[in-house]
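Residue numbers (the numbering used here), protein chains in the order written: chain A, 45 to 175; chain B, 19 to 335.
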Amino acid sequence: MIDEGKPIFLQIAEQIENDIIEGALAEESQVPSTNEFAAFHRINPATAGKGVNLLVDEGVLYKKRGIGMFVATGARDVLITKRRTQFVDDYVRPLLTEAAKLGIDPRTLSGLIQDASAEASAEPAPSRAHG
Amino acid sequence: MTTATPAIETRGLTKRFGAMTALDDVTVTIPAGSITGLLGRNGAGKTTLMHVLTGQDFPSEGEARVFGQRPAENASVLQHIAFIKESQKYPDDFKPKHVLTSAPWFFENWDADFAAQLVDDFRLPLNRRIKKLSRGQLSAVGVIVGLASRAPLTFFDEPYLGLDAVARQIFYDRLLTDYAKFPRTVVLSTHLIDEVANLLEHVVVIDQGRVILDSPAEELRGRAASVIGPRAEVDAFLARGRVETLHREELGGTASVLVDGIDDVVRADALNSGLQLTPVTLQQLIVRRTGGVLNDAAAPAAEAAALRGRRTAGARR
Chain A
45 MIDEGKPIFL QIAEQIENDI IEGALAEESQ VPSTNEFAAF HRINPATAGK
95 GVNLLVDEGV LYKKRGIGMF VATGARDVLI TKRRTQFVDD YVRPLLTEAA
145 KLGIDPRTLS GLIQDASAEA SAEPAPSRAH G
Chain B
19 MTTATPAIET RGLTKRFGAM TALDDVTVTI PAGSITGLLG RNGAGKTTLM
69 HVLTGQDFPS EGEARVFGQR PAENASVLQH IAFIKESQKY PDDFKPKHVL
119 TSAPWFFENW DADFAAQLVD DFRLPLNRRI KKLSRGQLSA VGVIVGLASR
169 APLTFFDEPY LGLDAVARQI FYDRLLTDYA KFPRTVVLST HLIDEVANLL
219 EHVVVIDQGR VILDSPAEEL RGRAASVIGP RAEVDAFLAR GRVETLHREE
269 LGGTASVLVD GIDDVVRADA LNSGLQLTPV TLQQLIVRRT GGVLNDAAAP
319 AAEAAALRGR RTAGARR
């Protein structure tokens with residue numbers, strides 16, 4: 045679950061963010077402790093703590109003294125806004141680069157996206173159809 | 019987690035055995051309350067360094083301090099240290115139960131319940147003579163003493179010769195959970211770098227008696243990567259001089275170069291040049307930094323094969 049080539053504390057922060065965005069961690073619910081993250085991911089507790097503290101600094105999590113960490117109200121919207129700004133850099137630009145390499149112009153690409161999207165909604169099962 | 023006084027501090031530490039220099043001007047600081055990996059090839063000087071730090075040997079030059087004091091013949095420091103080594107000797111008639119009953123005499127934080135739980139975890143026969151134990155069972159004795167002693171400073175020097183993968187995982191899991199409950203300083207010397215990489219907060223790499231890497235583990239992640247692409251594009255990228263080449267391989271018109279010194283600017287430059295960046299593990303970085311294969315057991319066959327055909331473009335220190 046932990047990738048090479050990227051600081052682990054950033055990966056811990058991202059996984060907590062994902063849980064909040066997907067609703068697995070509801071706002072005002074308690075998040076696991078640093079030691080629980082460390083034991084689960086088999087990582088150094090100080091590293092796990094750094095990931096959690098990053099989200100505290102950003103106001104996504106907050107500390108209740110003597111009780112633990114909680115998800116802040118409004119955290120989900122904040123995270124979705126942040127992820128949307130990253131979306132162009134993380135997904136759209138690499139897609140355009142690869143498309144250009146293959147000679148697919150942006151208009152054709154947008155048609156491909158619409159086709160794929162229509163296909164995905166026509167067949168809800170994850171298994172792919174022939175061709 | 020760090021306190022003002024580091025757990026370990028050496029300055030210009032040098033150790034000679036006759037004409038052989040085992041430690042050469044070693045200056046390192048290991049923060050208290052951390053798990054540090056002390057890594058390097060066989061004969062690099064790791065065990066000599068641990069001998070000096072645990073007062074079993076004197077420096078030829080320079081200084082070693084443990085919790086701010088010189089360790090040699092210093093009971094107030096040495097009573098806070100547990101040193102678990104691969105070659106630990108026990109009295110001839112000893113059985114594991116004797117080790118566990120005498121350990122509390124030396125370690126004031128000894129937890130007998132924790133030790134008993136570890137004996138179960140490792141399925142260690144308490145009543146068999148130590149001489150009759152398998153290599154793995156002998157290693158388990160050391161690992162149990164190292165964990166249950168909860169010494170403020172614990173050295174594990176290649177603690178798990180003969181331990182199978184399951185037993186090693188038990189060791190890592192128990193170390194992490196107990197360390198989280200009872201913070202202390204742990205120095206772990208091992209060749210199995212990939213297995214312990216995520217446990218480490220700090221990494222010290224020794225090669226031929228010299229420190230070649232002394233860094234928080236997180237800073238090493240992403241610092242090195244393989245840059246892959248058409249040879250001309252890769253060479254143009256390298257010519258911009260922002261990274262250090264550690265290893266190079268070519269196949270047809272494609273070059274794959276392991277480089278150190280990647281940051282956001284370099285990463286963007288590589289991606290804009292149409293090059294691929296593949297992350298490398300801490301183990302791969304250290305193998306290349308120490309000029310070869312760490313040892314036969316730790317090196318996968320592919321790594322050895324790659325080495326046979328290797329061409330080194332960059333200068334090693």
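Ideal placement from N, C-alpha and C gives every residue a C-beta, glycine not left out.
For K33 of chain B, the beta-bridge partners assigned by DSSP are B:L41. The beta carbon of F174 of chain B sits closer than 6 Å to the beta carbons of I102, G164 and L206 from its chain, once the five residues preceding and following it are set aside; these are given in chain order. Chain A has no Cβ within less than 7 Å of the Cβ of G73 of chain B. A straight-line Cα-Cα distance of about 25 Å links K113 of chain B and H98 of chain B. Ranked by Cα distance from R266 of chain B, the options B:L144, B:D253, B:G259 and B:R258 are led by B:D253.
If the five residues before and after P150 of chain A are omitted, its C-beta is found closer than 8 Å to the C-beta atoms of L140 and A143, all from its own chain and listed in chain order.
Against chain B, a Cβ distance below 8 Å from F53 of chain A picks out E236. Proximity of chain A to T23 of chain B at the Cβ level (cut-off 9 Å) is not reached, the minimal Cβ distance being about 18 Å.
Between L269 of chain B and L276 of chain B, the alpha-carbon positions lie close to 14 Å from each other. Around T195 of chain B, the beta-carbon contacts reaching into chain A at under 9 Å are N79, A82 and A83. The beta carbon of P297 of chain B sits closer than 7 Å to some beta carbon of chain A. At the C-beta level, D232 of chain B and V46 of chain B come within 7 Å of one another. Under the Cβ criterion (8 Å, minimum of three pairs), the region 87-100 of chain A does not count as touching the region 127-138 of chain A. DSSP, read as helix, strand or coil, puts E66 of chain A in coil.
Exclusion of the five residues before and after T23 of chain B leaves A50, F85 and G86 as the residues of its chain whose Cβ lies within less than 7 Å of its Cβ. Sequence-distant Cβ neighbours of V283 of chain B in its own chain, meaning closer than 8 Å and more than five residues away, are R260. Of the other Cβ atoms in all chains shown, fewer than 16 fall within 10 Å of the Cβ of N62 of chain A; this residue is therefore exposed.
Residues of the region 216-249 of chain B that bring their beta carbon within less than 7 Å of a beta carbon in chain A comprise N216, L217, L218, E219, E236, R239, G240 and A243, in sequence order. Interface flag for I46 of chain A against chain B is set, since a Cβ pair is found closer than 7 Å.
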